[in-house]
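Asks: Let me begin by handing over the structure; questions about it come next.
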Amino acid sequence: MSKKHPARVLFLSNGYAEDLIALATIKKLCEEDPNLEIKALPMVGEGTVYEEVNIEILGPRKMLPSGGFAGFRPWPLLRDLAAGGLKVLLQQMDALRRERTWADLVVSVGDVFLVILSAALIKRPIIFLATAKSDHARGIKHHYRIEKYIIGHLCRLVFARDERTASSLKKWGIPSLYVGNVMMDCLTVTGEDFGVSSRKYVVGILPGSKREAYDNLKIILEAVKVMETKEPYRGRVDYLIALAPSLSLEELIPLISLYGWQVKDAPPFQKKKGLIAYFTSTQGTWIKIIQGRFGDVLNLSQVVIGLSGMGNEQAVGLGRPVVSFPGRGPQISWHFLQAQRELLAGAISIVKPEGEAVAEEVCSLLDDPKRRERLARMGKERMGNPGAAGRIAHLIKKELEEIKKSLV
Numbered sequence: 001m002s003k004k005h006p007a008r009v010l011f012l013s014n015g016y017a018e019d020l021i022a023l024a025t026i027k028k029l030c031e032e033d034p035n036l037e038i039k040a041l042p043m044v045g046e047g048t049v050y051e052e053v054n055i056e057i058l059g060p061r062k063m064l065p066s067g068g069f070a071g072f073r074p075w076p077l078l079r080d081l082a083a084g085g086l087k088v089l090l091q092q093m094d095a096l097r098r099e100r101t102w103a104d105l106v107v108s109v110g111d112v113f114l115v116i117l118s119a120a121l122i123k124r125p126i127i128f129l130a131t132a133k134s135d136h137a138r139g140i141k142h143h144y145r146i147e148k149y150i151i152g153h154l155c156r157l158v159f160a161r162d163e164r165t166a167s168s169l170k171k172w173g174i175p176s177l178y179v180g181n182v183m184m185d186c187l188t189v190t191g192e193d194f195g196v197s198s199r200k201y202v203v204g205i206l207p208g209s210k211r212e213a214y215d216n217l218k219i220i221l222e223a224v225k226v227m228e229t230k231e232p233y234r235g236r237v238d239y240l241i242a243l244a245p246s247l248s249l250e251e252l253i254p255l256i257s258l259y260g261w262q263v264k265d266a267p268p269f270q271k272k273k274g275l276i277a278y279f280t281s282t283q284g285t286w287i288k289i290i291q292g293r294f295g296d297v298l299n300l301s302q303v304v305i306g307l308s309g310m311g312n313e314q315a316v317g318l319g320r321p322v323v324s325f326p327g328r329g330p331q332i333s334w335h336f337l338q339a340q341r342e343l344l345a346g347a348i349s350i351v352k353p354e355g356e357a358v359a360e361e362v363c364s365l366l367d368d369p370k371r372r373e374r375l376a377r378m379g380k381e382r383m384g385n386p387g388a389a390g391r392i393a394h395l396i397k398k399e400l401e402e403i404k405k406s407l408v
């Protein structure tokens with residue numbers, strides 16, 4: 001690290017959730033030291049969230065058909081390759097090589113693949129935010145031995161997503177810490193209520209942020225219709241859909257019309273508060289469509305129907321039990337949900353991808369406040385409180401100071 005320039009940090013992330021975690025950390029890091037020079041490379045998707053801060057975003061940036069969830073499954077991999085996935089990866093690797101002489105430190109947010117790329121192409125000290133895996137889960141969500149070996153040999157410092165994982169990594173001689181889960185710093189609750197009645201139940205709906213969300217909505221809308229046939233819920237539930245920025249309301253209009261729903265525009269004063277439209281059924285059911293106020297949707301909800309990765313975990317972290325089902329795309333698979341349920345101490349219910357099954361479980365949770373309270377305690381304990389982004393940023397700054405001293 002030269003005395004001629006401020007410390008330079010390169011952030012790598014491999015998904016929308018990881019982008020948000022990196023962004024929250026970057027904001028706190030800039031508060032720690034406004035003179036830092038920071039760049040970011042989102043390896044999956046377009047990384048638009050980084051545009052909130054004044055940093056250079058490296059590319060190329062492209063959303064592939066799998067949304068980053070191809071894994072080793074042949075069909076999603078082939079679709080990604082056909083869409084230019086290999087070319088994008090090679091261009092990203094070239095971008096990393098060009099930063100070798102620029103970066104003083106690399107912060108990898110996501111999985112071990114980023115650590116390997118950083119070590120091979122940039123050859124600078126690596127701090128790893130291990131957001132993808134935990135010792136609370138098994139299978140694909142648990143660190144394999146080879147991953148621990150790689151992390152131990154390549155990383156200067158590792159931030160685990162929970163205390164149990166941090167302790168496990170330490171047994172392998174890995175410098176690992178748990179200071180909280182940055183996911184809970186990525187939520188903003190403003191207190192907006194969208195006109196929700198205190199006399200009604202509130203069900204939040206997270207259809208997801210990828211293309212598969214359009215298919216997921218079919219089953220969710222079926223579940224709402226079923227709930228509206230049951231007592232005491234007929235006409236006594238406020239339904240709030242958190243529509244991700246990556247989804248288009250215009251694309252939803254012809255889709256939901258096939259299932260007997262229409263879209264009604266919200267008046268300007270409601271749009272300013274994030275309520276952009278309504279879904280209405282021929283039976284008189286109204287669903288409020290919220291955009292840009294994700295934290296408020298979770299905060300108001302008693303139960304959440306969730307087809308989201310990070311969103312499900314944030315809901316549980318706020319004490320809201322989640323009902324989910326295997327989606328029709330590569331992300332929310334049965335195996336993914338099984339691992340997520342283990343990760344979150346059972347605060348997610350997995351049901352069949354049928355409207356009746358979803359409605360039955362949501363009603364069961366609404367009927368049982370004690371069960372909801374028990375799941376809320378478990379979820380909050382597993383996810384932790386906000387504040388991790390600031391603590392991680394402070395420790396990154398300390399590591400930068402140590403690196404500087406070692407070069408004097």
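The sequence shown begins at 1 in the numbering used here and counts up one residue at a time. From the three backbone atoms N, C-alpha and C, an ideal C-beta is built for every residue, glycine too.
(1) Determine, using beta-carbon pairs with one atom in the segment 111-126 and one in the segment 322-331, whether at least three such pairs fall under 8 Å.
(2) What are the start and end residues of the beta strand (DSSP E) that includes I253?
(3) Does the pairing of the segment 161-169 with the segment 364-371 give three or more beta-carbon distances under 8 Å?
(4) In the segment 176-249, which residue ranges form an unbroken beta strand (DSSP E) of at least 3 residues, counting only runs that do not cross its ends?
(5) Starting from E37 and walking both ways along the beta strand (DSSP E), at which residues does that stretch end?
(6) Specify the secondary structure class of F72 as computed by DSSP and reduced to three states.
(7) Measure the C-alpha to C-alpha separation of Y278 and S134 and round it to an integer number of angstroms.
(8) Looking at C-alpha atoms only, which residue of I146, Q262, L86 is the closest neighbour of V115?
(9) Can you tell me the Cα-Cα spacing of L89 and V196, whole angstroms?
(10) Please state the DSSP three-state secondary structure of Y278.
(11) Let me confirm a value: F72 is counted as buried when at least 16 other C-beta atoms fall within 10 Å, else exposed. Which label applies?
(12) Give me the Cα-Cα distance between H394 and K28, rounded to the nearest whole angstrom.
(13) Give the list of continuous alpha helix (DSSP H) stretches no shorter than 4 residues that lie fully inside the segment 354-398.
(14) Cα separation between K171 and P60?
(15) Please confirm whether G319 and N312 have their CB atoms less than 8 Å apart.
(16) According to the neighbour-count rule (16 or more other Cβ atoms, all chains shown, within 10 Å of its Cβ), is H153 buried or exposed?
(17) Would a C-beta distance cut-off of 8 Å place P386 and M184 closer than the cut-off?
(18) Can you find the residues in the same chain that come closer than 8 Å, C-beta to C-beta, to V362, ignoring five residues on each side of it along the sequence?
(19) Use the C-beta contact count for W261: other C-beta atoms within 10 angstroms, 16 or more gives buried, fewer gives exposed.
(20) Go through the segment 94-151 residue by residue and report every complete run of the beta strand (DSSP E) that reaches 3 residues or more, in order.
(21) By Cβ distance, which residues of its chain are closer than 6 Å to N181, with the 5 residues on each side in sequence left out?
(22) What did DSSP end up calling W334 once you bin it into helix, strand or coil?
(23) CB-CB under 7 Å to R236, same chain, minus the five flanking residues each way: which ones, in chain order?
(24) Within 8 Å (strictly less), CB to CB, does V189 reach chain C?
(25) Could you tell me the alpha carbon to alpha carbon distance between I348 and Y178, rounded to whole angstroms?
(26) According to DSSP, which residues form a beta bridge with F294?
(27) Find out if the Cβ-Cβ distance for the pair P353, I219 is shorter than 8 Å.
(28) Less than 6 Å between C-beta atoms, sequence neighbours within five positions excluded: which residues of the same chain meet that for K225?
(29) Out of curiosity, what's the CA-to-CA distance linking R341 and E37?
(30) So is A315 buried or exposed if we call it buried at 16+ other beta carbons inside 10 Å?
(31) Pop quiz: I290 and G274 are said to be a contact at Cβ under 8 Å. What is the actual Cβ separation, rounded to whole angstroms?
Replies: The answer reads as follows:
(1) no
(2) Counting from one through the sequence shown, the residue named residue 253 turns up at place 253. No beta strand (DSSP E) contains I253, which is instead part of the alpha helix (DSSP H) from 249-257.
(3) no
(4) 201-206, 237-242
(5) As a position in the sequence shown, residue 37 is number 37, starting the count at 1. Unbroken beta strand (DSSP E) run through E37: 37-42.
(6) For the purposes of this step, residue 72 is identified with residue 72 of the sequence shown, where counting begins at 1. In this prediction, F72 has a pLDDT of 45, which is less than 50 and means its spatial position is unreliable; what the coordinates show is noted afterwards. DSSP places F72 in coil when its eight states are reduced to three.
(7) Numbered from 1 along the sequence shown, position 278 holds the residue referred to as residue 278. Numbered from 1 along the sequence shown, position 134 holds the residue referred to as residue 134. Distance between the alpha carbons of Y278 and S134: 39 Å.
(8) Mapped onto the sequence shown, residue 115 falls at position 115. Selected option, being the one with the closest Cα: I146.
(9) Mapped onto the sequence shown, residue 89 falls at position 89. Mapped onto the sequence shown, residue 196 falls at position 196. In a straight line, the C-alpha of L89 is about 46 Å away from that of V196.
(10) Numbered from its first residue, the sequence shown carries residue 278 at position 278. If DSSP states are grouped into helix, strand and coil, Y278 belongs with the strands.
(11) Numbered from its first residue, the sequence shown carries residue 72 at position 72. Here F72 scores only 45 on pLDDT, less than 50, and its place in the model is too uncertain to base an answer on.
(12) As a working mapping, residue 394 is identified with position 394 in the sequence shown. As a working mapping, residue 28 is identified with position 28 in the sequence shown. If you take the alpha carbons of H394 and K28, they lie about 8 Å apart.
(13) 355-367, 369-383
(14) Residue mapping note: residue 171 aligns to position 171 of the sequence shown, counting from 1. Residue mapping note: residue 60 aligns to position 60 of the sequence shown, counting from 1. Going by the C-alpha atoms only, they are around 38 Å apart.
(15) Here residue 319 refers to the residue found at position 319 when the sequence shown is read from its first residue. Here residue 312 refers to the residue found at position 312 when the sequence shown is read from its first residue. Contact: no.
(16) Numbered from 1 along the sequence shown, position 153 holds the residue referred to as residue 153. Around the beta carbon of H153, fewer than 16 other beta carbons sit within 10 angstroms, so the residue counts as exposed.
(17) One-based indexing of the sequence shown puts residue 386 at position 386. One-based indexing of the sequence shown puts residue 184 at position 184. Yes, they are a contact pair.
(18) Stepping through the sequence shown from its first residue, residue 362 is reached at position 362. The residues are V203, A223, M227, V303, I305, V323.
(19) Numbered from 1 along the sequence shown, position 261 holds the residue referred to as residue 261. Buried, by the Cβ-count rule.
(20) 105-109, 126-130
(21) As a working note, residue 181 is residue 181 in the sequence shown. Only R161, M383, G384, A388 meet the Cβ criterion.
(22) Position 334 of the sequence shown, counted from the first residue, corresponds to residue 334. Correct three-state label for W334: helix.
(23) Indexing the sequence shown from 1 puts residue 236 at position 236. Once the five neighbours on either side are set aside, the close Cβ partners of R236 are K200, Y201.
(24) Going by chain labels, chain C is absent from the structure shown, which holds only one protein chain.
(25) Within the sequence shown, residue 348 is the residue found at index 348, counting from 1. Within the sequence shown, residue 178 is the residue found at index 178, counting from 1. Those two C-alpha atoms are separated by around 23 Å.
(26) Taking the first residue of the sequence shown as 1, we reach residue 294 at position 294. Beta-bridge pairing links F294 to no other residue.
(27) Taking the first residue of the sequence shown as position 1, residue 353 is located at position 353. Taking the first residue of the sequence shown as position 1, residue 219 is located at position 219. It is a contact, given that the beta carbons lie within the stated cut-off.
(28) Sequence index remark: in the sequence shown, residue 225 carries index 225 (1-based). Nothing listed; no residue qualifies.
(29) Position 341 of the sequence shown, counted from the start, is the residue given in the question as residue 341. Position 37 of the sequence shown, counted from the start, is the residue given in the question as residue 37. Straight-line Cα distance between these residues: approximately 39 Å.
(30) Along the sequence shown, read from residue 1 onward, the residue named residue 315 stands at position 315. Flag for A315 reads buried.
(31) For the purposes of this step, residue 290 is identified with residue 290 of the sequence shown, where counting begins at 1. For the purposes of this step, residue 274 is identified with residue 274 of the sequence shown, where counting begins at 1. Under the criterion of beta carbons closer than 8 Å, I290 and G274 qualify as touching, at roughly 5 Å.
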